[in-house]
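As structure tokens, the structure follows; a few thoughts come after it.
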Amino acid sequence: MSKLYISFLWHFHQPFYKDFSKDTYLLPWVRLHLIKNYHMMGKLVDREDVRVTFNFTPCLVEQMVDYINKDADDPFVNLSLKSPTSLNEEEKIFILKNFFNVNLDKVIKKNPRYSELFFKRGYSFDKEKNYEAIKSFSDQDFLDLQVLFNLSWISEISLREDEELKRLKDKGEKFAEKEKLSLLKKQESLIKESIPMFKELYRNGKVEISTSPYSHPIMPLIINTDIAKRCQNTPLPSPPFSRPEDLNLQLKEGKEFIERTFETEVSGLWPSEGAVSCEIVPLITKQGFRWFATDEIILYKSKKITKRRDLYKPYRLGKVNVIFRDHVLSDLIGFTYSSMKTEEAVNDFMSRVRYIRDNLSEDGTLFIILDGENAWEFYPGSGIDFLSNIYRNLKKEEGIELTTVLEAVSKVKSEELETIATGSWIEGNFRVWIGEEEDNISWKYLKHVRDDFEEFTQEEKKKAKKAMFAAEGSDWNWWYGNEHQKATHFEFDHLYRRHLMSVYEINSKKPPDFLFNSILRGEEMLIQIEPKWLIKPLIDGKDTDFFEWVNGGLWKGETSDGAMVISEPIIELIKFGFDMENIYFLVKFSKTGLSFKNFSLEINLRGEHGKKRKIVFSKEDGNLKLESEIPVVWELDKVLEVKIPFLDLGFVRGEKVSFMVLFYVEDKALARLPQRGRLMFTLPDDYYECKNWEV
Numbered sequence: 004m005s006k007l008y009i010s011f012l013w014h015f016h017q018p019f020y021k022d023f024s025k026d027t028y029l030l031p032w033v034r035l036h037l038i039k040n041y042h043m044m045g046k047l048v049d050r051e052d053v054r055v056t057f058n059f060t061p062c063l064v065e066q067m068v069d070y071i072n073k074d075a076d077d078p079f080v081n082l083s084l085k086s087p088t089s090l091n092e093e094e095k096i097f098i099l100k101n102f103f104n105v106n107l108d109k110v111i112k113k114n115p116r117y118s119e120l121f122f123k124r125g126y127s128f129d130k131e132k133n134y135e136a137i138k139s140f141s142d143q144d145f146l147d148l149q150v151l152f153n154l155s156w157i158s159e160i161s162l163r164e165d166e167e168l169k170r171l172k173d174k175g176e177k178f179a180e181k182e183k184l185s186l187l188k189k190q191e192s193l194i195k196e197s198i199p200m201f202k203e204l205y206r207n208g209k210v211e212i213s214t215s216p217y218s219h220p221i222m223p224l225i226i227n228t229d230i231a232k233r234c235q236n237t238p239l240p241s242p243p244f245s246r247p248e249d250l251n252l253q254l255k256e257g258k259e260f261i262e263r264t265f266e267t268e269v270s271g272l273w274p275s276e277g278a279v280s281c282e283i284v285p286l287i288t289k290q291g292f293r294w295f296a297t298d299e300i301i302l303y304k305s306k307k308i309t310k311r312r313d314l315y316k317p318y319r320l321g322k323v324n325v326i327f328r329d330h331v332l333s334d335l336i337g338f339t340y341s342s343m344k345t346e347e348a349v350n351d352f353m354s355r356v357r358y359i360r361d362n363l364s365e366d367g368t369l370f371i372i373l374d375g376e377n378a379w380e381f382y383p384g385s386g387i388d389f390l391s392n393i394y395r396n397l398k399k400e401e402g403i404e405l406t407t408v409l410e411a412v413s414k415v416k417s418e419e420l421e422t423i424a425t426g427s428w429i430e431g432n433f434r435v436w437i438g439e440e441e442d443n444i445s446w447k448y449l450k451h452v453r454d455d456f457e458e459f460t461q462e463e464k465k466k467a468k469k470a471m472f473a474a475e476g477s478d479w480n481w482w483y484g485n486e487h488q489k490a491t492h493f494e495f496d497h498l499y500r501r502h503l504m505s506v507y508e509i510n511s512k513k514p515p516d517f518l519f520n521s522i523l524r525g526e527e528m529l530i531q532i533e534p535k536w537l538i539k540p541l542i543d544g545k546d547t548d549f550f551e552w553v554n555g556g557l558w559k560g561e562t563s564d565g566a567m568v569i570s571e572p573i574i575e576l577i578k579f580g581f582d583m584e585n586i587y588f589l590v591k592f593s594k595t596g597l598s599f600k601n602f603s604l605e606i607n608l609r610g611e612h613g614k615k616r617k618i619v620f621s622k623e624d625g626n627l628k629l630e631s632e633i634p635v636v637w638e639l640d641k642v643l644e645v646k647i648p649f650l651d652l653g654f655v656r657g658e659k660v661s662f663m664v665l666f667y668v669e670d671k672a673l674a675r676l677p678q679r680g681r682l683m684f685t686l687p688d689d690y691y692e693c694k695n696w697e698v
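Take any residue in the sequence shown, note its place counting from 1, add 3, and you have its number in this note's numbering.
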């Protein structure tokens, strides 16, 4: 009987959630996946005594190290630690918005107290409605929610084996503050032991550790976006993005970082999303990798395959081995088996593996490669029973050996491959990341910033390199276009543009205006608020009379519409309106906004015919000043009131005008109103008073 060497490659990745210019984590997924899924996967390998390959992306591991060293400023942690009695209104809103972010069917609905709190808040989050909802939530409700959210992200193995955690889970409600703090201490312990656990698994010969380019970019597209022409017929950005030197650096520094952190030799590479082309091979070889992996669809495009068993062998391309994932088996684990009974799923998997083994003409390899974190939330018991049974059945099956990728390619003869086709594991193309309007705008933004970065001094480049790397990652374009729609695409759009802004802000440079505009189509110029009538307020900086602004437009400041920021809004509100000759603005700062001795405030205006204007106020040492050739009337006292003749701005009567207000400190944008898009109104035309007269 021929022998089948099976290698699981579990891919662990999260993009950079850190805002490099503010040194703050904007999303919590590194910490949460670390204490739940990465911990579970490592413990299972140790417990079941099997051999696998873990692929760690450097950007994930760098963030893991931040959490281990307590260098991660994470609002989810900060608000979990805070007693409900000291939470302010905005913090309560944040908790109601984000602390139900777990699997609804597998977690919330199976926990009576969690389910009760979820339906008490409301099925969907609405900021205005939830200002009302917080009134019905007691301090005990918020405390229970803090505990249940953090408990739901604890590894299932820990919940089963740790008596204190098991007791908390069984208790289910009416938690005490000291119990919450004890739970958070447990999380700290799980975080602290994570990297040492994987290092020990490596030393004991149970795992091989492979990696990807530093920030998980689509490798061929970083070399040149025009490479996509080979595998898809879509519009592409012009001129193309092309920075092969960046990819070389990401490969080099990523490999070195993983080797230092885990005290291991890295031999293997999972190109982000299995995206490959012939251009990446010399760079992979140059950095000393001995193998790289992609999907079986690329094999079929690279070579004429007559029998499926041709998949079950390693290949060699020049000086490096190439392995191809079994698309069917990998996707069954990732997307299908979770909906089946555990026994049925395991039996189906084993029957397919036996069929592959029995049809080999010589010793072969089977490579199962998939995401090692996201699938398990859909499995009963977080997939522990399923995966444990898979490992156990494979260990005792005759003619099968579980091993690492490196060992598998060393034990089975490789077949020569003349070339490798272009594409990714998703349909053999790059459509998820390039080709649609939003994707191509994203690449345009990236090219502009990268070209500016090229002109920086060496010291400036050194400071901004991580932010530049982060922006080159693949995750942002995953959410652009129509392939993937989810509420979080707003947050990923924001985070992508924050990385691009940070390239400048880290070096005290002002980011280009376009970075404040959402890439998501439909997010621009959709917020149309028409003033009810003409206004003519007294510009005294006092908002003295309610009726001065009653017919104008109003937009209230926001802390966040998502899981991004926790603080008092810097700008409480803006009012705006017009008469037949002028545009008027009122800006009301919060105490936080007024506390800055130095800042600048920009009113960014854009006419429908393309005219762009900025009115910029600068406050230095407590004194506000305006530099403008336009005759602007303004006054700051309790509020800032501004009067601008719109004809001098280059706008005409009847023209649609959009605007946003930006608040900068040391060239860092700390506030933007509105957070997304622009507010828009229509200037009065010559017949405005006649058309809008009401009898």
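For every residue, glycine included, the Cβ atom is placed at its ideal position computed from N, Cα and C. Given the structure is predicted, the values throughout are model-derived calculations rather than measurements.
- The segment 140–158 makes contact with the segment 102–122: 3 or more CB pairs, one atom from each, lie closer than 8 Å.
- DSSP, reduced to helix, strand and coil, places Met683 within a strand of the structure shown.
- Between the C-alpha atoms of Lys578 and Leu676 there is a straight-line separation of about 11 Å.
- Taking a contact to require three or more Cβ pairs closer than 8 Å, the segment 631–649 and the segment 677–684 do not qualify as touching.
- Annotation for Trp32: Gln17 place their beta carbon closer than 6 Å to its own, counting only its chain and skipping 5 residues before and after.
- Exclusion of the five residues before and after Gly431 leaves Cys234, Ile300, Ile301, Lys304 as the residues of its chain whose Cβ lies within less than 7 Å of its Cβ.
- Per DSSP, the beta-bridge partners of Asp374 are His14.
- Between Ile226 and Leu250, the C-beta gap is smaller than 7 Å, which places the two residues in contact.
- Excluding its 5 nearest sequence neighbours in each direction, Leu363 has C-beta neighbours in its own chain below 7 Å: Ser5, Leu7, Arg312, Tyr315, listed in chain order.
- Secondary structure of Trp479 (DSSP, three-state): helix.
- The beta carbon of Pro540 sits closer than 7 Å to those of Glu551, Trp552, Tyr587, Glu644, all from its chain and outside the five residues before and after it, given in chain order.
- Nearest C-alpha to Lys100 among Val80, Phe121, Asp108, Ser86: Phe121.
- Taking the Cα of Pro648 as reference, the smallest distance to any Cα among Leu639, Lys671, Leu608, Gln678 is reached at Leu608.
- Look at Met663 here: in three-state DSSP terms it is strand.
- Beta-bridge annotation (DSSP): Pro648 is paired with Asn585.
- Under a 10 Å Cβ-count criterion, Glu248 is classified as exposed, with fewer than 16 other Cβ atoms of the shown protein chains found around its own Cβ.
- Contact between Leu171 and Glu182 is confirmed by a C-beta separation of about 6 Å, below the 8 Å threshold.
- Judged by pairs of C-beta atoms under 8 Å, the segment 390–402 touches the segment 355–369, as three or more such pairs exist.
- In the assembly as shown, Glu419 is an exposed residue. Its beta-carbon has fewer than 16 other beta-carbons within 10 Å.
- Residues of the same chain with a CB within less than 6 Å of the CB of Phe370, apart from the 5 flanking positions on each side, are Ser10, Ile326, Arg328 in chain order.
- Residue environment for Leu332: buried (at least 16 other C-beta atoms within 10 angstroms of its C-beta).
- When secondary structure is reduced to three states using DSSP, Ile9 falls in the strand class.
- Boundaries of the alpha helix (DSSP H) around Gly257: 247–265.
- When DSSP reads this structure, Ser280 sits in no beta bridge, so it has no partner.
- Taking C-beta atoms as the reference points, Val435 and Ile444 fail to come closer than 7 Å.
- The Cβ atoms of Cys62 and Phe19 lie closer than 7 Å to each other.
- If you draw a straight line from the Cα of Lys344 to the Cα of Ser413, it comes to about 36 Å.
- With 16 or more other Cβ atoms from the protein chains shown falling within 10 Å of its own Cβ, Glu94 counts as buried.
- Of the candidates Asp670, Pro78, Trp13, Trp13 places its Cα closest to the Cα of Asp334.
- Excluding the 5 residues flanking it on each side, Lys535 has same chain C-beta neighbours closer than 7 Å at Asn554, in chain order.
- Proximity to Arg453 across Ser161, Ile71, Arg246, Asn236 peaks at Arg246, based on C-alpha coordinates.
- Remark: C-beta atoms of Leu29 and Leu498 approach each other more closely than 7 Å.
- If you look at Trp156, you'll find it isn't in any alpha helix (DSSP H); DSSP assigns it neither H nor E.
- Residue pairing by DSSP puts Glu404 in a beta bridge opposite Tyr8.
- Rounded to the nearest whole angstrom, the CA to CA distance from Phe599 to Ile574 is 12 Å.
- Minimum Cα-Cα distance from Asp366 among the listed residues Val210, Ser197, Pro317 corresponds to Pro317.
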